[in-house]
Amino acid sequence: MNLGSMDDLTADITPEKRERIDAIKAEMIDAERGHELASLRKAQGFTQVQVAKAMGVTQGRISQIERGAARLDTSTMAAYLHAIGGELTITATVGNLSVRL
392 MNLGSMDDLT
402 ADITPEKRER
412 IDAIKAEMID
422 AERGHELASL
432 RKAQGFTQVQ
442 VAKAMGVTQG
452 RISQIERGAA
462 RLDTSTMAAY
472 LHAIGGELTI
482 TATVGNLSVR
492 L
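Given below as structure tokens:
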């Protein structure tokens, strides 16, 4: 059985379908990140209420973040991690060179 190339498989995807696929992908990434943040919070022994207070948001907002119901930008992730005693680090890699930003 010949499945062809990825280009063959995606050749008939319309721009509308591509937009929907990209939206679903973003939702899945947000859900995964939220789950990971919740796991870190629980491992540190913090409640959603404590994190919300430290971030200056509502407990409902923390719930949205952890369920993947909220878009996560780097400043929100950094604030969340700071609230549980962590930090967000970003590393840029070009070829063999890596720099922590």
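Heads up, the sequence shown is in the working numbering, so the first residue is 392 and it goes up one at a time. The C-beta atom is built at its ideal place from N, Cα and C for all residues, glycine as well.
Taking Cβ positions, are Arg432 and Ile404 nearer each other than 9 Å?
Against a cut-off of 9 Å, the Cβ pair of Ile404 and Arg432 comes out as no contact.
Please name the residue or residues paired with Leu488 in a DSSP beta bridge.
Leu488 is bridged to Val485.
Can you list the beta strand (DSSP E) stretches of 3 or more residues lying completely in the stretch 428-487, in chain order?
Segments of the beta strand (DSSP E) lying fully in the stretch 428-487: 482-485.
Give the range of the alpha helix (DSSP H) segment to which Thr401 is assigned.
First-last of the alpha helix (DSSP H) with Thr401: 397-401.
Could you tell me whether the stretch 472-492 touches the stretch 437-445, where touching means 3 or more Cβ pairs closer than 8 Å?
Output reads yes: the stretch 437-445 touches the stretch 472-492.
Given Arg424, which residues of its chain have a CB within under 8 Å of its CB, disregarding the five upstream and five downstream residues?
Same-chain partners within the cutoff: Gly459, Leu463, Met468.
Buried or exposed for Ala429, going by 16 or more other Cβ atoms inside 10 Å?
With 16 or more other Cβ atoms within 10 Å, it is buried.
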